[in-house]
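Here the UniProt record's numbering is used: the first residue of the sequence shown is 1, the next is one more, and so on. All C-beta atoms, glycine included, are put in the ideal place defined by N, C-alpha and C. Note that the structure is a prediction, hence the values are computed from the model and not measured. Reviewing the structure listed below.
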Amino acid sequence: MAERPEQLPEGHLIALAQKRARLSGRKAADLAGMSEGHWRAIVSGSRSISKGVWVAVRGPADTIARMAQVVGVTPEQLEEAGRADAAEELRAELAHTKPTDEISGTKPSSAARSLTDPLAGLPDDPKERIPILRERIRILSEARDAAEGASGDDESEGEEDKEGDATSRLPGPVRQAFEEGQVEEWHLLDVSEAGDEGMLLIAWVGPRPGPDEMRQLQEDAAASRRRREGMVMDMIVALHEARQALYAAEDEARASGELDEEMPDDDQ
1 MAERPEQLPE
11 GHLIALAQKR
21 ARLSGRKAAD
31 LAGMSEGHWR
41 AIVSGSRSIS
51 KGVWVAVRGP
61 ADTIARMAQV
71 VGVTPEQLEE
81 AGRADAAEEL
91 RAELAHTKPT
101 DEISGTKPSS
111 AARSLTDPLA
121 GLPDDPKERI
131 PILRERIRIL
141 SEARDAAEGA
151 SGDDESEGEE
161 DKEGDATSRL
171 PGPVRQAFEE
181 GQVEEWHLLD
191 VSEAGDEGML
201 LIAWVGPRPG
211 PDEMRQLQED
221 AAASRRRREG
231 MVMDMIVALH
241 EARQALYAAE
251 DEARASGELD
261 EEMPDDDQ
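Written out as structure tokens, the structure reads:
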């Protein structure tokens, strides 16, 4: 079975902001003016075209900018995720529209704060710090699990696999191009590097790429994997810091008699 393409940094960033904003995939897609399936494919970085076969999905700059605006991701965060093109689009869009919090009811930096600095902006009162830290720990735990592949990004994945139709789940215009015979040649390419476990397949429309193009595709895939591994390590460190701060706040609250009930264990 082919390995599922890894989630791209911008998709990971948007997914976390979406969770923080408590927006369903359908609601977020509606706000962005796109289909739910397309939203999920860009967020996860892949789409299933048949049982065990995945293709990589990378959203264009203007689409990523719309998605980022809906969930409150800033241009600076997009730049950090390697999408300077989308950041430029978002800046231009923000200059002509209302702030993101007026559109979706979210604060632009809320998700990023939990991920990059879980101790930022904490109140002095330990009892007030506890629920904030618990929420940040929840976000970090879910983000880590998603990044490590412990949870799926596409709720309809099982249905896609059952259908077994290589084109039925493609975006409308792309599917139509296949059905009408406009795509005369396409290939599934293995862009995994030597020593990788499993295979990383992408769909390539047109003549089979030459050696130079294949090397570039493999380098891009490897760079994406390294960025994701780095993000996972950053989240593990942030999660440890948040848990230590939570334990300290609980101890402080108990010592002052402010913690009058047992708090449930945080996510592991």
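* **Coil, strand or helix - Ala-95 by DSSP** => Start at 1 with the first residue of the sequence shown, and residue 95 comes out as number 95. Ala-95 falls in the coil class under three-state DSSP.
* Looking at C-alpha atoms only, which residue of Gln-7, His-12 and Leu-188 is the closest neighbour of Ile-49? -> Start at 1 with the first residue of the sequence shown, and residue 49 comes out as number 49. Ranking Gln-7, His-12 and Leu-188 by Cα distance to Ile-49 puts Leu-188 first.
* Assuming Pro-118 contacts Glu-252 (C-beta within less than 8 Å), just tell me the rounded distance between them. => As a first step, residue 118 is located in the sequence shown; it is residue number 118 there, counting from the start. As a first step, residue 252 is located in the sequence shown; it is residue number 252 there, counting from the start. That pair is no contact at about 17 Å.
* Asked: For Gly-11, does the count of other Cβ atoms within 10 angstroms reach 16, so buried, or fall short, so exposed?
  -> As a position in the sequence shown, residue 11 is number 11, starting the count at 1. Flag for Gly-11 reads buried.
* So who's on the other strand from Val-71, going by DSSP bridges? -> Taking the sequence shown and counting its residues from 1, the one referred to as residue 71 is at position 71. Beta bridge pairing from DSSP links Val-71 with no other residue.
* Alpha carbon of Gln-69 to alpha carbon of Ala-143, nearest angstrom -> In the sequence shown, residue 69 corresponds to position 69, counting from 1. In the sequence shown, residue 143 corresponds to position 143, counting from 1. Separation of Gln-69 and Ala-143 (C-alpha to C-alpha, rounded to the nearest whole angstrom) is 20 Å.
* Asked: Starting from Leu-189 and walking both ways along the beta strand (DSSP E), at which residues does that stretch end?
  -> On the sequence shown, position 189 is the one that residue 189 refers to. Counting along the chain, the unbroken beta strand (DSSP E) around Leu-189 starts and ends at 186 to 190.
* Identified DSSP bridge partners for Glu-3 -> Numbered from 1 along the sequence shown, position 3 holds the residue referred to as residue 3. Per DSSP, Leu-200.
* Reducing DSSP to helix, strand and coil, say where Ala-120 ends up. => The count along the sequence shown starts at 1 and reaches residue 120 at position 120. The answer is coil: DSSP assigns Ala-120 none of H, G, I, E or B.
* So what does Asp-47 bridge to, in DSSP terms? -> Taking the first residue of the sequence shown as 1, we reach residue 47 at position 47. As written in the sequence, residue 47 is Arg, which differs from the Asp given in the question. Note: Arg-47 sits in a beta bridge opposite Val-55.
* Taking C-beta to C-beta, are Leu-140 and Leu-239 nearer than 7 Å? -> Mapped onto the sequence shown, residue 140 falls at position 140. Mapped onto the sequence shown, residue 239 falls at position 239. Using a Cβ distance threshold of 7 Å, Leu-140 and Leu-239 count as a contacting pair.
* To do: Locate the alpha helix (DSSP H) running through Leu-23, then write down its first and last residues.
  => Residue 23 sits at position 23 when you count from the first residue of the sequence shown. Taken as a continuous stretch (DSSP letters only), Leu-23 belongs to no alpha helix (DSSP H), as it is neither H nor E.
* With Gly-25 and Arg-4 assumed to form a contact (beta carbons below 8 Å), what rounded beta-carbon distance in angstroms separates them? -> Taking the first residue of the sequence shown as 1, we reach residue 25 at position 25. Taking the first residue of the sequence shown as 1, we reach residue 4 at position 4. In fact, because the Cβ distance is near 18 Å, the residues do not count as touching under 8 Å.
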